Amino acid sequence: MFGLIDCNNFYASCERAFNPSLNGKPVVVLSNNDGCVIARSAEAKVLGIPMGEPAYKLKELIETNQVFVFSSNYVLYGDMSQRVMNTISTFATDMEIYSIDEAFILLDGFENIDLKEYGENVVRTVTRNTGIPVSMGIAHTKTLAKVANKFAKKYKNYKGVCIIDTDEKREKALKLTDIGDVWGIGRRYSKRLQYYSINNAWDFTQRPKNWVRHLMGVTGERTWMELCGIPCFGMDTPGDKKSICTSRSFGERLTEMAPISEAVSNFAAGCAEKLRQQHSYGCVLTVFIHTNPFATNQAQYYNQKVMQLSVPTNDTTELINYALRGLKSIFIQGYQFKKAGVIVSEIVPERPLQGDLFDLRNREKFNRVMTVMDSLNTMYGKQKVKIASQGFDRKWKLKNERLSPCYTTKLDDVLEVNA
DNA sequence: TCTGGGGTCCTAGGACCC
DNA sequence: TCTGGGGTCCTAGGACCC
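Once you know that position 398 of the first sequence is 413 in our numbering, the rest is easy, because the numbers rise by one and skip nothing.
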């Protein structure tokens, strides 16, 4: 059996964990740049605030209902996620962290254990240890565990745990699950399936396998089988990233090269750091810039430059160099730029490294520089040491006017309790 | 005025090889 | 008039996830 533990309204719950006055109140968390809603507490959902809605469209609704609004604080959420995962890991020998707020665990050898009791214990313990409410779904396949998890969240008297372990329960659950809510069926397929009068997950399983294969390929076929109780997905051990992207929308529109160069330097540096963390090198670097696609009355420009690196690298200085050269080749004066980014792809392990016969760079030396830089930044804080082109102006910086404190990672932000 | 950021996998078709 | 059979690799686009 697979268990899926998923945090309830994760980002909103993180904000609440250290600010209990928010309990029972509507809370929303906004995306970078305070752009759109990416998390909502149950109360905010009741108010009809949709996921992904731009914040400015909700201004009135937010004011009249006294919704508490937060900029996203990924440092806090990342740290809270680790705490949740640490607790879950004490309950299982095989665990797969699937995203920032959910994890699968393998329930093998649990034949003589009361799964309901076990699940309730997991849910209770995680919530007690971290302050984050979670739910757990248990079933024979990952996709069914996902379905079970939705019911665990939906019905209070389940005490946060739902188990689908018989055909009767499976049929009942699938009949109550909209086709679009199935893991692996997104907006497009859900629309196409509805065209064939498939409205819920049960309808879907009643179609012949070949028909599904024809319409949706092997991925659809796998989902079909999983819903029928035949496992297609095992526990995954996520390997190294195959592409790494760092990109941001700017807090204000930029027209000049200088602040955009600074931003792009920082994005390249971010990619380099991520590469070093997973002990990989990148072989291709892409840099892109574009104007604001929503501003339809303005002149639009999008361009990107893809560059093959002469030697695979994870060196910040080298990647910044490429990125800035690429930027220079695509930047045009006269546009209001809104976003830029750097993507590193064709990622290979650090060793063995294929060198370049004519390479003049002292790679040993630069490697040591990077190692020292990383260790200084680990010890004294992010970006204590950086490359000059990363700059200090930060004209491109994000808008985040409603940022909560970093309660768990910054000494100055630690809560004070008056007793 | 104001609309996020980061990933994965699969498939079809074209170009090429013998 | 008639034009084989068997492969690989790459890329763009489409779908999905959180």
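No residue lacks a Cβ here, since even glycine has one placed at the ideal position from N, Cα and C. Because the structure is a prediction, the values reported are computed rather than measured.
Please state whether DSSP places residue i in a helix, a strand or coil.
i, result
"ASP193", "strand"
"PRO148", "coil"
"HIS229", "helix"
"LEU339", "helix"
"ALA434", "coil"
"ILE153", "strand"
"ASP29", "Here the sequence assigns Cys to residue 29, which means Asp is not the residue at that position. Residue state, collapsed to three classes: helix."
"THR261", "strand"
"GLY235", "helix"
"CYS286", "helix"
"ILE179", "strand"
"ARG268", "strand"
"VAL43", "strand"
"TYR113", "strand"
"ALA188", "helix"
"ALA273", "helix"
Residue i and residue j look like a contact to me (Cβ under 8 Å); what is the Cβ gap, rounded to whole Å?
i, j, result
"ILE115", "SER96", "5 Å"
"ASN449", "SER360", "For residue 449 there is no data in the structure shown, the boundaries of the chain being 16 and 434."
"VAL162", "ALA216", "7 Å"
"ARG98", "THR145", "5 Å"
"HIS155", "MET240", "That pair is no contact at about 11 Å."
Along the beta strand (DSSP E) that carries residue i, what are the first and last residues, could you check?
i, result
"LYS354", "352 to 364"
"MET322", "317 to 328"
"ILE53", "52 to 55"
"PHE17", "17 to 22"
"LEU300", "295 to 306"
"VAL84", "83 to 85"
One question on the structure: do residue i and residue j come within less than 8 Å of each other, judged by their Cβ atoms?
i, j, result
"VAL436", "ALA70", "It is not possible to answer for residue 436, since the shown part of the chain is limited to 16 through 434."
"THR270", "PHE352", "yes"
"VAL302", "LEU342", "yes"
"LYS165", "ASP196", "yes"
"ILE77", "ILE20", "no"
"LEU413", "ARG263", "yes"
"ASN23", "LYS168", "yes"
"ALA32", "ARG55", "no"
"SER325", "ASP389", "no"
"THR424", "ASP94", "yes"
"VAL363", "CYS286", "no"
"LEU122", "GLY249", "no"
"LYS380", "HIS305", "no"
"GLU58", "PRO35", "no"
"MET231", "TYR204", "yes"
"SER404", "GLU288", "no"
"ILE179", "ILE194", "no"
Where do the ends of the alpha helix (DSSP H) carrying residue i lie?
i, result
"ASN1", "No information on residue 1 is available, as it lies outside the stretch 16 to 434 that the chain covers here."
"ASP218", "216 to 220"
"GLU78", "74 to 79"
"SER435", "An answer regarding residue 435 cannot be provided, because it is not within the stretch 16 to 434 covered by the chain."
"SER104", "89 to 104"
"ARG409", "It is not in any alpha helix (DSSP H) - ARG409 carries neither H nor E in the DSSP assignment."
"GLN209", "202 to 210"
So does the region 315 to 328 actually touch the region 384 to 400, counting three or more Cβ pairs closer than 8 Å? By the C-beta criterion, the region 315 to 328 is judged not to be in contact with the region 384 to 400, since fewer than 3 inter-stretch pairs fall below 8 Å.
Contact between the region 251 to 262 and the region 281 to 295 (3+ Cβ pairs under 8 Å): Result yes; three or more Cβ-Cβ pairs closer than 8 Å.
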